[in-house]
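Each residue of the sequence shown is one higher than the last, beginning at -12 in the numbering used here.
The beta carbon of each residue, even a glycine, is placed where N, CA and C say it ideally should be.
For clarity, every value in this text was computed on a predicted model and none was experimentally measured.
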Amino acid sequence: MRSRVLSGMRPTGALHLGHYHGALKNWVRLQAQYDCFFFVADWHALTTHYEEREVMERYVYDMVIDWLAAGLDPEQSTIFIQSRLPEHAELFTLLSMGTPLGWLERVPTYKDQMDKLKDRDLATYGFLGYPLLQAADILIYKAAYVPVGEDQASHVELTREVARRFNHLYGRSSDFEARAAVALAKLSKDDARYFEKQRKTFGETGAAEAVAKAEGLLKKAAGTIEGWSTDDTDLLTGHLRGSGKAILVEPQALHTEVLRLPGLDGTKMSKSYGNAILMRDDPAVVTKKVRGMTTDPARVRRTDPGDPEKCPVWQFHKVYSDDATQAWVVKGCKTAGIGCLDCKQPVIDAIVAEQQPWRERAEKYLANPKQVHWIAEMGTERARTIARHTMKDVRDAMGLNY
Ligand code: TRP
Ligand code: SF4
């Protein structure tokens, strides 16, 4: 079975090249290899923009169209909308009961965002809860991997802590050891003895190696023993670690190398700064925007030499140009052999070419919005099956099954 990957994006309307190179391109790559779940985090958007009721629907579907345009394949990936799944809110509520305030106050993005978005009143309960809602998003699908940028690493770390605490508090039902023994008996005698030996070693010395060996054995069991269930794996994982049954799974962040594209003015590309090139901008708009880009301020006149390292256009060449073009830029810039508009042309051409398949795919969906709704609806129902299953386990574990 393929490992599950889950990630989300807040709907901010049509996506720009920074979204594509920073995240989306990676999602498209991952879908061939993993069981991927990608969702629109519309509740997360509300934590900072709770008054934007007029635009939300358009933002949601514009973003889904850009995902599809970029090559997310609804046959391979499950694409869904957070707010259509109240199960996320239920898990968020239940997790909130036992999550210490300090854990949330200490998440670095909390203060960072407060400082950055000074014009907004973020002294809200929802905003403090942002990373816990994210934890619920992840844990409800028992995701193994979460592809996120560095800035979100602390949220995945919090998710792991929340899962650990939950398993610790609720994983040990009264019949836990008896059920673990039943699962253990499904192993061969030798394997069971080996497993118990590793468990004992881990209990006495805390050796990570022992856990790895025992978990390797469980993995093998899952693939070879008839009648083995994920429940057996969860029980024995809990038994092994002394933590009770692992009801929630600790995810891992998946940091792949991403390319950073600055905005037209050299600061971070962002729609709100008005310095973005949209995935769906027309060739004429792209041309105009790139031609107007900031360059090395030392190049006042055509004859003044410049330094690519001081120029945002160069960051684009690093993403879009081959070695020969890059060498041409460096030499031409430093010797004033080329003008800035000459230098920008290959970037314009590369962006327009990159956008071509996106434009074609997007056109099809723009002409048929019903199909986009349908895709999100199908994905949401697929997600719901899993979310419901997890919530049943969670309610059982918390003694809420009456
Ligand atoms: N916080 C993420 C972002 O701003 C969006 C998000 C919400 C998310 N829930 C998630 C990402 C769960 C990964 C997993 O980009
Ligand atoms: Fe920037 Fe190119 Fe002009 Fe040099 S020549 S300043 S790299 S746009």
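Reduced DSSP category for residue i - H, G, I as helix; E, B as strand; rest coil
i    : result
V236 : coil
H8   : helix
L246 : coil
L265 : strand
L387 : coil
L241 : strand
H31  : helix
H304 : helix
Interface flag, residue i vs chain D, CB-CB below 8 Å
i    : result
L126 : Among the protein chains of the structure shown there is no chain D, as only one such chain exists.
Start and end residues, beta strand (DSSP E) containing residue i
i     : result
R(-9) : -9 to -4
P134  : 132 to 134
T391  : In the structure as shown, the chain begins at -12 and stops at 389. Residue 391 is therefore absent and cannot be evaluated.
C23   : 22 to 27
Whole-number beta carbon distance between residue j and residue i, since they are thought to touch under 8 Å
i    : j     : result
G214 : K173  : 7 Å
T65  : R369  : 5 Å
L204 : Y181  : 7 Å
L2   : M50   : 6 Å
L255 : T(-1) : Residue identity differs from the one stated: residue 255 is Lys in this sequence, not Leu. Not a contact, Cβ separation roughly 13 Å.
Endpoints, the alpha helix (DSSP H) within which residue i is located
i    : result
I373 : 356 to 384
K351 : 327 to 353
P292 : Premise fails: P292 is in no alpha helix (DSSP H) and is neither H nor E.
G225 : 217 to 228
P270 : 270 to 278
A323 : From DSSP, A323 is part of no alpha helix (DSSP H); its letter is neither H nor E.
E202 : 195 to 211
message: Tell me whether the segment 261 to 273 and the segment 154 to 168 touch, counting them as touching only if at least three CB pairs, one residue from each stretch, are closer than 8 Å.
response: no
message: With a threshold of 8 Å, are at least 3 pairs of Cβ atoms found where one atom belongs to the segment 107 to 115 and the other to the segment 128 to 142?
response: no
message: With a threshold of 8 Å, are at least 3 pairs of Cβ atoms found where one atom belongs to the segment 18 to 25 and the other to the segment -9 to 9?
response: yes
task: Within the segment 128 to 177, note down every full alpha helix (DSSP H) run reaching 4 residues or more, in order along the chain.
output: 140 to 157, 163 to 171
- request: Pick out the complete beta strand (DSSP E) segments inside the segment 39 to 125, 3 residues or longer, and give them in chain order.
  value: 65 to 68
- prompt: Any chance the segment 245 to 254 sits against the segment 185 to 201, with 3 or more Cβ pairs inside 8 Å?
  reply: no
- prompt: Would you call the segment 276 to 295 and the segment 329 to 339 touching, i.e. three or more CB-CB distances under 8 Å?
  reply: yes
query: Pairing CB atoms from the segment 62 to 71 with CB atoms from the segment 81 to 100, are three or more of them under 8 Å?
result: no
- prompt: At a cut of 8 Å, does the segment 357 to 373 reach the segment 50 to 60 through at least three beta carbon pairs?
  reply: yes
query: With a cut-off of 8 Å, do at least 3 Cβ pairs link the segment 119 to 126 to the segment 144 to 151?
result: yes
query: Is the number of C-beta pairs between the segment 302 to 319 and the segment 284 to 291 that are closer than 8 Å three or more?
result: no
query: Can we say the segment 4 to 21 touches the segment 228 to 247, given the rule of at least three CB pairs closer than 8 Å?
result: yes
query: Is the segment 319 to 326 in contact with the segment 291 to 303, if contact means three or more CB pairs nearer than 8 Å?
result: yes
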